[in-house]
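Residue numbers (the working numbering): 19 to 159.
Below is one structure; the comments refer to it alone.
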């Protein structure tokens with residue numbers, strides 16, 4: 019089942035009825051932190067932004083969403099040349115440098131889609147093209 023972000027700017031979603039997120043320390047890499055949100059939530063919405071403004075989310079070492087974004091992802095202000103992972107079909111989608119996070123997104127998903135890229139630009143280009151084609155999908159746990 020694919021879940022899409024609301025298309026109405028300014029739509030608010032209350033998470034007060036949800037259990038708190040689970041935090042796993044060092045699950046994949048020593049010192050890493052992975053936050054698992056127990057329910058899909060839409061990306062933050064800026065009601066003052068024009069409709070063609072790219073979607074933004076929480077940047078850690080990339081951007082991941084628990085719903086399919088409605089606009090292209092935008093790059094971080096730097097690209098250190100390390101590997102980036104594009105997650106097109108999984109428990110959540112997006113681009114990240116955290117291999118453990120990317121593997122966690124696709125673990126247990128039978129028709130998952132995750133691939134590594136040599137740069138953030140490559141990962142974003144592929145993700146945004148897949149978004150345009152409508153093949154980015156969320157498959158909940």
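Positions of the beta carbon are idealized from the N, C-alpha and C atoms, including for glycine.
In this structure, how does DSSP classify residue i when only helix, strand and coil are distinguished?
i: residue 155; result: strand
i: residue 122; result: helix
Which value, in whole angstroms, describes the spacing of the CA atoms of residue i and residue j?
i: residue 92; j: residue 126; result: 28 Å
i: residue 124; j: residue 156; result: 10 Å
i: residue 131; j: residue 108; result: 7 Å
i: residue 36; j: residue 105; result: Confidence is the limiting factor: at residue 36 the pLDDT is only 41, short of 50, which leaves the residue's position unreliable and the question unanswerable from this model.
i: residue 87; j: residue 100; result: 24 Å
i: residue 153; j: residue 145; result: 9 Å
i: residue 150; j: residue 128; result: 23 Å
i: residue 158; j: residue 110; result: 8 Å
i: residue 118; j: residue 139; result: 20 Å
i: residue 122; j: residue 95; result: 26 Å
Measuring CB to CB, does residue i end up less than 8 Å from residue j?
i: residue 112; j: residue 135; result: no
i: residue 148; j: residue 102; result: no
Checking contacts by CB at 8 Å: is residue i closer than that to chain C?
i: residue 90; result: Looking for chain C here will not work: only one protein chain is present.
Enumerate in chain order the residues of its own chain whose CB-to-CB distance from residue i is below 8 Å, with the five nearest sequence positions on each side excluded.
i: residue 114; result: 78, 79, 80, 81, 82, 102, 103, 105, 120
In terms of DSSP beta bridges, what is residue i paired with?
i: residue 105; result: 112, 132
Please list, in chain order, all residues of the same chain as residue i whose beta carbon is under 6 Å from its beta carbon, the five residues on each side excluded.
i: residue 133; result: 104
Using a Cβ-Cβ cut-off of 7 Å (strictly less than) and excluding sequence neighbours within five positions of residue i, which residues of its own chain qualify?
i: residue 143; result: none
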